[in-house]
Each structure stands twice: as structure tokens, then as C-alpha cells.
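Participant:
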Amino acid sequence: MKHLPDYIQRIIDDFDKLPGIGPKTASRLVFSLLNRKDDVQRFSENLAEAYQKVNYCEQCYNLTDKKFCSICSDPQRDQTVVCVVGHNQDVDSIEKTNQYNGLYHLLNGLLSPLEGVTPDDLKINELLKRIEKKELKEIILALDQSLEGEATAIYLTKILKKYPSVIVSQLARGIPMGANIEYTDEVTLSSALKNRNKL
Ligand SMILES: [Zn+2]
1027 MKHLPDYIQR
1037 IIDDFDKLPG
1047 IGPKTASRLV
1057 FSLLNRKDDV
1067 QRFSENLAEA
1077 YQKVNYCEQC
1087 YNLTDKKFCS
1097 ICSDPQRDQT
1107 VVCVVGHNQD
1117 VDSIEKTNQY
1127 NGLYHLLNGL
1137 LSPLEGVTPD
1147 DLKINELLKR
1157 IEKKELKEII
1167 LALDQSLEGE
1177 ATAIYLTKIL
1187 KKYPSVIVSQ
1197 LARGIPMGAN
1207 IEYTDEVTLS
1217 SALKNRNKL
């Protein structure tokens, strides 16, 4: 937009790069923020603080500002069960069900031949190292019901066969095809977790 100063256009372009936001929504969000001066000040400070402090948990790759995240460092949680998810927001969704008391492993994405995401881009080797290092009993695959989620589940199931002592299970099919874990309601997700299938 030529009528705007360059620095505003740059913020709009940055918002436009975020998932699920097109150019129209990007401009709407930026205009709305700029019209709320107090909010925009707080917003930029919080963002700067998060950028400074936040890092990945050394065990599960969840976001944290410590060496290990609050879930990994909670002694009440079952250290022998690991739920494998693609994204940070999936941890939120599963935690909201209050049905899961194990740990997580974030892959930080899903396999996607179309977008050139290969196993090396995901935290898969880190998962295998975790299995080798600790006495894990069960790995639960909680991946999106999408082409990428399916491809990731097939790949993981194949390489996890190397560890016969670990039970590998997958969320039950209560989750509709095409649905992301993130957008699945808590009741459906709870029952998919409870009725998970052994692979
Ligand atoms: Zn962690």
C-alpha cells in the first residue's frame, strides 16, 4: 500500500507470513494494533521479552524459559509414556483434556514432501535418543489427520519397530479426517486418547 509509511508496510508483510493469516487479515491486525497505542507498547515489550527468554526444552522441545519445561520437570508425571505431537498448540489441546499424565515430544512440524520437510528437519533423531536413554514403556502418536500427519505416523511406526520393548499406539479414529489436533474438541480428543490403538 503506497499511502502507508514503509515501516508499517513491513509489519503488515511480517504478519502476512504467519500461518492462517492472509494479506487482508494482516493489515486489519496491524491497523487495529496501531490504533491502540497502550496495547501496542505492551505487545511489543511482551514479544521482545519472549524472544529474549524463550527456548526449547532440552528433553521434549516444548517452549520454556528453563532448561526443562514445566511438564518434563513435574515429578507427578509418568516419565515412561511419551506423546509425540507435531506442534506446540497440540500440547495445549491435549493438556486441556486433563486425561494425560505422561510427557511429550514435539517434532516441530510434520513430514511434507510437497513443502520439502524431510525427517532430518524434524526432531525424530532426538526422539530415538530419548527412547535409547530412558526406559520408555509407551509412545503415543498424536498427529494431525492430514496427509502430513499420516506420512509422519507411517514413517515413525516403521522406525519405531527397532524398539520392540516400547508399545507404539495411535489416537483412536474419533478425530475426523482432515482435522488438526489443535481444532479437535476436548471430549473427542479425550476419547481418542483413551481408546488409542496399539500399532
Ligand atoms: Zn519438556
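By the working numbering, the letter at position 61 of the sequence shown is numbered 1087, and the numbering carries on one by one without gaps.
Glycine residues also receive a C-beta, built at the ideal position from the N, C-alpha and C atoms.
1. Take every Cβ of the stretch 1054–1069, pair it with every Cβ of the stretch 1125–1132, and state whether three or more of those distances are shorter than 8 Å.
2. With distance defined between alpha-carbon atoms, name the residue in T1178, I1150, D1116 nearest to P1139.
3. To the nearest angstrom, how far is the alpha carbon of V1117 from that of D1104?
4. In whole angstroms, what is the alpha-carbon distance linking D1210 and D1042?
5. Please give me, in chain order, every unbroken run of the beta strand (DSSP E) with length at least 3 that falls completely inside the stretch 1068–1116.
6. Starting from the N-terminal end, write out each residue whose C-beta falls within a distance shorter than 5 Å of any non-hydrogen atom of ligand 1.
7. Residues bridged to L1129 by DSSP?
8. Taking Cβ positions only, does S1053 come closer than 8 Å to chain C?
9. Under 6 Å Cβ to Cβ from A1205, same chain only, skipping five residues before and after it: list those, please.
10. Whether or not the stretch 1127–1137 and the stretch 1068–1079 are in contact is what I'm after, with contact meaning three or more pairs of Cβ atoms, one per stretch, closer than 8 Å; do they touch?
11. Give the straight-line distance between the Cα atoms of L1030 and S1053, rounded to the nearest whole angstrom.
12. What is the DSSP secondary structure of E1164, counted as helix, strand or coil?
13. Figure out for me which residue from E1084, K1187, E1208, L1136 has the closest Cα to the Cα of E1176.
14. Roughly how many whole angstroms lie between the Cα atoms of Q1102 and Q1085?
Facilitator: In this structure, then:
1. no
2. T1178
3. 16 Å
4. A quick correction: the sequence has Thr, not Asp, at residue 1210. Cα to Cα, the separation comes out at about 25 Å.
5. 1107–1111
6. C1083, Q1085, C1086, N1088, C1095, C1098
7. V1108
8. The structure shown contains no chain C, having only a single protein chain.
9. Q1171
10. no
11. 11 Å
12. strand
13. L1136
14. 17 Å
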